[in-house]
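Residue numbers (our numbering): 345 to 1393.
Using N, Cα and C, we set each Cβ at its ideal position, and we do this for glycine too.
Please read the structure below before turning to the comments.
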C-alpha cells in the first residue's frame, strides 16, 4: 500500500512568501484476486463445453496505472486480456486448464492469483428421418430442421434415428401433438417411432449426460400434402356498398395458411382452416383508375383478388378478376322559398344529386339520369324548366339511359291551389335508382288592411296609431319602414304580429323646409301579393328666426332687429310695449324693426317687441324681444392743486347719474407720485420729494362710462414744488477709522440760497455750512429751507465708528495622502469690505490657499478701516498605508480553490482592495498557485500595491473497486471508493448494459449495496451482472472516471 501526503509550510512577510513542500511516500504491494460467474468451488470452476465464464477483478491495494494481465488458459476465447475487466470468456474445447491474474503496481510490486477451469463435454442432438419414399424429405432453414411427408392424406408413422450417448444419459422426446412424452427406454436399436396426424408439429428433444451437461433442440414435423385450391368470385361487376364474395375450395390440409388480398389497399386477410370457406369483402372505393394485369395485357378500371395457400409441402395461389366496382347515384334537392308558401308564389326546385360513378373496362363516367314527379296531379303548373320522365324504363325494363332528364338542375313550379304537395326526385345510374321526397305546404293568399291611410301631421307632433289587420286570420303580418325622407325620430324599422298589429304613435320631427314622409309597407309573407303601403306626411314647422333676441341701447340709438323664417312664404308683424319715459317705439310689420329710441328718465327702461309669424300651415309661437334703453350720464368735478414734496393729496370721490358707471383715470406725469393709470376712484397719495430744483406738474383725466354708452370726463392738475436737496461724501469714506480721531461730512445744497442748520453729538466746526467736522460717531441731521417756495427738507447722516475685523472661522483640509502636498486652508472674517490677507510663510494673498505641505501657518487680515486680526493653523498628513497577509489556503493543484486574505492599516481607512485577477475585496478566493498583486485604495483615493504568492497541493486520485458482492457476508457488501474524503461533492452514476441509470448519488458516501435506487425509491437488489459506472469528482483538473463494476452473488 502506498500513501501519499503533502504538507505546506508557509512563511509570510509583506510582499514575500516562502513555500516549502515535503513529500512522504510508502510503497504498497497489491493483492490480486478475482471472482467468477459461475462461482468457483474449492478453486475450480466447472462448465460445459460452449459455455462462458465471467471474470471480475476483486484485487486490492492497486494504484492508478497498475497493470492487469489475464491468462484464461487453453481452449479459451479469448486466451488472454489486459485491463481491470470484467472479461467474458467462452470455452469450446473439452479440457482442464488454469486461469491466472497478474497484478503489477507502478512501483514494480506484483501479485498473482489463479484457479482451475474444467470444461466437460456437452451432448449434441442429431435426429435423422429414417423413412424412405418420394413423399419423405428433410430440409434445414435458418438452423431449424424440418422432417416432412408430402404425400399423405392420413396419419403417418415417422421413424427417427437417434445417436448413442454414454451410459447413464437421459433423453426426453416431446412430440408436440399432445401425446405423452417418450424417454430413453423407448429407444430401440438407436431408433424411435411416432405416428403423426395431418398437420404441422414441433418436436423437442432433450439429452442430459451424466456430467450434467445437456442439450435441448427443436424439430419441425409436417404430415400432409401441398395445398390445392379452387377460387370463384361473385361476378365481375358490383356496386358499392354491396360486398364482393370469394368462394375458396381446397384439399383442406391442416397447417395450411391462407392469405387473401385485394388491390384496393385494404389489409390482407390471413387465416387457417380445414374447411372450404367464403371470404366477403367490401371495397373502400370504386375501381376507376385501377388496373388488372392478365399476362401481356392490362385491363383498366378493375380490381383483382389474390389468394395464396401455403404449407410446408408447397405454395399455391390464384387470382380473381377483373372486378369492376361502381358507385350508385344519390338523390338530393332543395327548394326556395321554404315551406309554407303562399298560393300563386313561384317555387324554385334545385337538383343537388350525386351522380355516382359508372365504371367499366371502357372507362369511368359520372353520367346519370333524373326526373321530377309531383304526387298530386292538379293544383300546380311548371312555369320554368321541365320535370323530365323515366319514359316507362323502370322496374323490369329499367334503363336510365332511356330517361328524359331535364336540361338543367332547376325547375320552377307555381302552386295555384292551397294544400300539401309531395314532390319527388328520382336519380339513377348503372347501379340503380335512388329517390327523395319533400312535402311542400301551400297557404292561401291574404292582404293587409291599414288605417288611417296617408295621415298628415306637423313637425314635433305624435303620429297617429297605424292599425293593421290580415284578411285571413292566423297569418303573420310583417311590416317595415320602406323609406323616411326629411323625418327624424323613427327608431323601430320593422316588426310582426299574428292576424293584427298596431304601430304606436311616434314623435316625428321634420328638420327641413320641405314636406317629409315615412313610408310603411305591410305583408303576410307572400311574394305573389304586393305589400300594402301607407305614408305619414310631416309638414315642416314655420320657425321664427330673430336677431338679436334682446339688445341694450343708449338713448338716441336705433334698433336693428332682423326677422326671418325657414319657410319663404312666411310674413311677420309685431307690437310694442314701453313706459312713458321712452319715445320712438311703435307696432308694425315687415322683416326688420329699425326705430330710434329716446330715454328722458334717470334709470334704464325697456321696450318689449312681440313678433308673430303668419301665412304658414304649422306656425311657430310668438317671440318677445326686450330692448333696454339707457339715459345720458352726468359727473362731479375736482379742482387744480399746488403742493410741496411729501404732502398728501386726497381727491374727492366721483359719482354718476344714473348710478353704476365705471371710472378710469390717466396721469400725464408719474413723477408727482401717482401711477400712470387706474380704474375706480383716484386714490389718496403722498407726493415724492422733488429735488429737481423746479416744480413738477401732472394732469389727471377721469372718465365715466355706463354700458358702453358715450363717456364723460373731469380734468384737474397737481403741481409739486421742488424741496432743498443735500448731496455729500465722508472723509474717511466709511466714517471713522482705526488710525484717525476726526471725520468730515462734505456736501452741497440745492438751491444754494437755502438756509442750513446742523445737529449731532460731536460737531467740531462747520455749523451753517455744507461742510461739517465731527469727532464722535453718531447721527447728524441737516435741515434746509427754500426761501423762494417755503418748502423745507431734512436729511440724516450716520457716522459709524471704525469697523473691527475678526477671523470668525478657519477651515483646514489636511493632506489626503502621506507625502502629498495637497492640503488647503480657508479663512472667514466678520466683514469683507476691502479685506487683505497676508500669509506666513508666503503661500498666497487670498482667503483660501491650496497645495499646502504639512506644517504650521500664520495669517493676518486687514479691513478698509485699517483694523486687523491674525491666527495660526496646522496642516497634517495621514500615516502611510501598509498591507499585511492575514491568511492563506493553498489550492489543490489545478482546482483554483485556494485563498489569500490581506489587511491594510494607515491612510484614511475605508479601504478598497483590487487584485490583478479581477477580484475585489480583502479576500482573493478560488485561485490556483501563483503570484497575485493587490492594490489598496483608502477613502481619500491614496493607493499602495502589494504582491503575494500561493502554492498548491496535488490531488490524491480515487481508487475504484471493480466488484461488489452484497450477499451479507461482510465482505465487499458495499462499494467502497478510496480517497473520496477529498471530494465532498463527488457524483456517482451506475448504468446497466442497456444504458439505463440504475443508481446515482451526489455526494456519494460509500454506501451503495448494489440496489436499484433510481427515482428515490429502493426497488431491490440488482441482478448479478456487469455494470458501467461514471464518476465525476467535480474537480476542474480531473476528467470523469469511467469503467465497469461487477455485481457478484
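Separation of residue j from residue i, as counted between CA atoms
i, j, result
"residue 415", "residue 424", "5 Å"
"residue 769", "residue 605", "39 Å"
"residue 995", "residue 1047", "15 Å"
"residue 704", "residue 584", "14 Å"
"residue 460", "residue 386", "9 Å"
"residue 417", "residue 409", "25 Å"
"residue 498", "residue 541", "6 Å"
"residue 877", "residue 954", "45 Å"
"residue 367", "residue 1295", "Confidence at residue 367 is low in this model, with a pLDDT of 34, below 50, so the placement of that residue is unreliable and no value is reported for it."
Cβ-based burial, residue i [other Cβ within 10 Å; buried from 16]
i, result
"residue 532", "exposed"
"residue 1341", "exposed"
"residue 565", "buried"
"residue 816", "exposed"
"residue 1143", "buried"
"residue 872", "exposed"
"residue 1380", "exposed"
"residue 792", "buried"
"residue 569", "buried"
"residue 515", "buried"
"residue 1017", "buried"
"residue 511", "exposed"
"residue 781", "exposed"
"residue 1396", "Examination of residue 1396 is not possible in this model, given that the chain is present from 345 through 1393 alone."
"residue 784", "buried"
"residue 492", "buried"
N-terminal and C-terminal residue of the beta strand (DSSP E) that residue i is part of
i, result
"residue 991", "Where residue 991 is concerned, there is no enclosing beta strand (DSSP E), given that its DSSP letter is neither H nor E."
"residue 768", "763–773"
"residue 583", "581–584"
"residue 677", "677–680"
"residue 388", "388–392"
"residue 1343", "1341–1345"
"residue 1010", "1006–1011"
"residue 744", "Per DSSP, residue 744 belongs to no beta strand (DSSP E) and is neither H nor E."
"residue 943", "940–943"
"residue 649", "647–655"
"residue 999", "No beta strand (DSSP E) holds residue 999; DSSP gives it neither H nor E."
"residue 572", "Element bounds for residue 572: n/a, residue is neither H nor E."
Closest by C-alpha distance to residue i, when choosing among the options
i, options, result
"residue 753", "1391, 778 and 676", "676"
"residue 1027", "1038, 1044 and 1040", "1044"
"residue 820", "863, 811, 826 and 868", "868"
"residue 737", "927, 730 and 748", "748"
"residue 476", "695, 557, 501 and 462", "501"
"residue 863", "855, 875 and 857", "875"
"residue 847", "1381, 1128, 812 and 1225", "812"
"residue 756", "742, 743 and 689", "689"
"residue 1358", "1372, 1335 and 1377", "1335"
"residue 937", "1182, 1074 and 892", "892"
"residue 935", "1006, 912, 762 and 487", "912"
"residue 1297", "470, 1055 and 1240", "1240"
"residue 567", "1316, 1356, 482 and 649", "482"
"residue 573", "545, 680 and 654", "654"
"residue 486", "539, 562 and 1265", "562"
"residue 687", "773, 674, 787 and 1324", "787"
beta-carbon residue i near the ligand FAD non-hydrogen atom, thresh 8 Å
i, result
"residue 1131", "Summarising the ligand content, the structure contains no ligands, and the ligand FAD is consequently not present."
*Are three or more beta carbon pairs between the segment 1236–1245 and the segment 1201–1210 nearer than 8 Å?*
no
*Count the C-beta pairs between the segment 402–412 and the segment 1296–1308 that are closer than 8 Å, then say yes if the count reaches three, no if not.*
yes
*Is the segment 1063–1073 touching the segment 980–991 in the sense that three or more CB pairs, one from each, lie closer than 8 Å?*
yes
*Within the chosen definition, does the segment 1173–1181 reach the segment 1189–1200 through at least 3 CB pairs nearer than 8 Å?*
The segment 1173–1181 vs the segment 1189–1200: in contact.
_Given 8 Å, three or more beta-carbon pairs between the segment 1196–1203 and the segment 1152–1166_ = yes
*Are there three or more Cβ pairs, one per stretch, closer than 8 Å when the segment 759–766 is compared with the segment 661–668?*
Cβ pair count under 8 Å is below three, so no.
_Across the segment 632–652 and the segment 712–726, are there enough close Cβ pairs to call them in contact, namely three or more that are closer than 8 Å?_
no
_Touching by the beta-carbon criterion (3+ pairs, under 8 Å), the segment 430–441 and the segment 1310–1317_ = Touching, no, given that fewer than three Cβ pairs across the two stretches are closer than 8 Å.
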